[in-house]
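Participant: Residue numbering for the sequence shown is 29 to 439, as defined by my numbering.
Let me begin by handing over the structure; questions about it come next.
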Amino acid sequence: MPHFKTQKLILPNLPYKALDTNGAYEFLELFTSKNHPNFSLLQIRFTPKNSTQTKEFFLEIKNNQKETLMRFDKYSRIAPIEIIKNALEILMQMQDSLLTHNLNRHTITPEFKLPFIKEINDFLDFHALFLSTCQKSKCNFKEIWLEIGFGSGRHLLHNAKNHPNTLHIGLEIHHPSLEQVARQIGIQNLENILILAFDARIFLELLPSNTLHKIFVHFPMPWEKKPHRRIFSQSFVAQCARVLKPNGHLQLRTDSLEYFAFAKDLTERFKDSFRIQTHKNAQEAIISKYEARWLREQKDIYNLECYALQTSKNQRLDFDFTFDSALLPSNLNLKKMRQNDYFLNLEDLFLGNKNNLLRIAFGDFNHPETRYVLQDSNLHYFKNNPLPTAINHKAHNLLNACITKDFKESL
């Protein structure tokens, strides 16, 4: 986790702009927790060199009697991590009582990784993303394949090299793996891969219907003691059926007989949506390091192959996430609210010199989001709106009502 510690933190006069070999950093405003005055967030905007597409995030500041810790804020984390490290290093150079840090420079620059690492909001207009990727790579991709949990990227990179006319999308929630694969994409000069760190269960909800030709789920965590955390669920299978083209292929490959039986039982409930095949110890063109380990241990490998049978209806994701109030009241009532199918937790209120900031957790109980609501020229979500799902829209409406109520009471 990138950080540094100092006896006494020195910050520049805000707003402050610093130029880096990779772009421009703007240190905008410091927000301090109303209920925890030793905890603050520093808002930062990064504009890559030769680009107008900015990336925004917070750095976290924790004070105690002996030292101040400055590190990245996990809720607004961006990739590649070098952008955050460089921002921390700019501030570290201003300190005259530095204690420790872990900000040693690496040879790989953000510019090297940036073209391959996407954010979830890039996929909200999937048609535009697809066209821009085709234009950049000078290839009119014939198919789109999705790999969920690509890990070391061995299977993803193999497919990209051997199927150059296919656009490959990779999802991986483990950030170090994401960045290692981004490095390999750059080294191998592959222009037909888009990767991001995001939960596949929500990602599928945002894709247009009848988009994908293949979905790979290889050796997912079996979660024997917590089956509710498995990637395979009834809603996941339903979304796979929706986003796959007719004859599109969903493949599960696992060494867990329990997981295989669980997933097979789920998919068999969708007989109108899938034609199902199963295989044992089927050989693949490329194997992962985990599969190689299982084979050395002479474990059985199970394949579940599901082929989509029908065309699905298109869906609309045009939810409104605006606020009625333009301000965050400083007396906002922080509380937890639980509804039948979603929740809303107003976690913390941060006060700045000019603006205010609210941190919330909300949404589906199994797939919650943590977001910030920023009050500057108006009231809006930090960086981007919540993902356009019906559950998130319900939570937003409840949040909007709470803010409006407390705002009127403060007048």
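Glycine residues also receive a C-beta, built at the ideal position from the N, C-alpha and C atoms.
1. Excluding five sequence neighbours on each side, which residues of the same chain lie with their C-beta closer than 8 Å to the C-beta of E397?
2. Does the distance from the C-beta atom of N309 to that of D328 stay below 7 Å?
3. How far does the beta strand (DSSP E) with K113 in it reach, from first residue to last?
4. Please report the distance separating the alpha-carbon of I118 from that of N63.
5. Just checking, does the segment 235-253 make contact with the segment 203-213 on the three C-beta pairs under 8 Å criterion?
6. What residues match up with C334 in a beta bridge as DSSP calls it?
7. Does DSSP classify F226 as helix, strand or coil?
8. When DSSP builds the beta bridges, which residues end up paired with Y400?
9. Are E375 and R387 touching if we call contact CB-CB under 7 Å?
10. Threshold first: 3 residues or longer. Then list the beta strand (DSSP E) segments lying entirely within the segment 148-226, N to C.
11. In terms of residue numbering, what span does the alpha helix (DSSP H) encompassing K102 cover?
12. Below 8 Å on the Cβ atoms is my guess for L218 versus I197; work out the distance and round it to an integer in Å.
13. Could you say which of F169, I176, Q403, T75 lies nearest to D48 if we only look at CA atoms?
14. Is it right to say E286 is buried, meaning 16 or more other beta carbons lie within 10 angstroms of its own, or is it exposed?
15. Taking a contact to mean a Cβ-Cβ separation below 7 Å, would you say S450 touches F435 in this structure?
16. Let me confirm a value: P108 is counted as buried when at least 16 other C-beta atoms fall within 10 Å, else exposed. Which label applies?
17. How long is the line joining the alpha carbons of K94 and K36, rounded to whole angstroms?
18. Have a look at the DSSP bridge pairing and note the partners of Q71.
Facilitator: Concretely, from the data shown:
1. Stepping through the sequence shown from its first residue, residue 397 is reached at position 369. If we look at E397 and ignore the five residues flanking it on each side, its Cβ neighbours are A389, F390, G391, P414, L415, N420.
2. Within the sequence shown, the letter at position 281 stands for residue 309. Within the sequence shown, the letter at position 300 stands for residue 328. Yes.
3. Here residue 113 is taken as the residue at index 85 of the sequence shown, counted from 1. No beta strand (DSSP E) holds K113; the alpha helix (DSSP H) holding it covers 109-120.
4. To locate residue 118, count along the sequence shown from 1; it is residue 90. To locate residue 63, count along the sequence shown from 1; it is residue 35. Taken atom to atom, the span from the alpha-carbon of I118 to that of N63 is near 29 Å.
5. Put simply, the segment 235-253 does not touch the segment 203-213. Fewer than three CB pairs are less than 8 Å apart.
6. Along the sequence shown, read from residue 1 onward, the residue named residue 334 stands at position 306. Per DSSP, L278, I304.
7. Here residue 226 refers to the residue found at position 198 when the sequence shown is read from its first residue. In this structure, F226 counts as coil in the three-state DSSP scheme.
8. Here residue 400 refers to the residue found at position 372 of the sequence shown. The secondary-structure analysis by DSSP pairs Y400 across a beta bridge with R387.
9. Counted from its first residue, the sequence shown places residue 375 at position 347. Counted from its first residue, the sequence shown places residue 387 at position 359. Yes, the Cβ-Cβ distance between E375 and R387 is below 7 Å.
10. Runs found: 171-176, 194-199, 221-224.
11. For the purposes of this step, residue 102 is taken as residue 74 along the sequence shown, with counting starting at 1. From DSSP, K102 is part of no alpha helix (DSSP H); its letter is neither H nor E.
12. Stepping through the sequence shown from its first residue, residue 218 is reached at position 190. Stepping through the sequence shown from its first residue, residue 197 is reached at position 169. Between I197 and L218 the Cβ distance is about 13 Å, and since that is not below 8 Å, they are no contact.
13. As a working mapping, residue 48 is identified with position 20 in the sequence shown. Closest by alpha carbon: T75.
14. Taking the sequence shown and counting its residues from 1, one reaches residue 286 at position 258. Exposed is the call here.
15. Because the chain here runs from 29 to 439, residue 450 falls outside it and cannot be looked at.
16. One-based indexing of the sequence shown puts residue 108 at position 80. With at least 16 other beta carbons inside 10 angstroms of its own, P108 counts as buried.
17. The residue given as residue 94 occupies position 66 in the sequence shown. The residue given as residue 36 occupies position 8 in the sequence shown. Distance from the CA atom of K94 to the CA atom of K36, rounded to whole angstroms, is 9 Å.
18. The residue labelled residue 71 in the question sits at position 43 within the sequence shown. According to DSSP, Q71 bridges with E57, F86.
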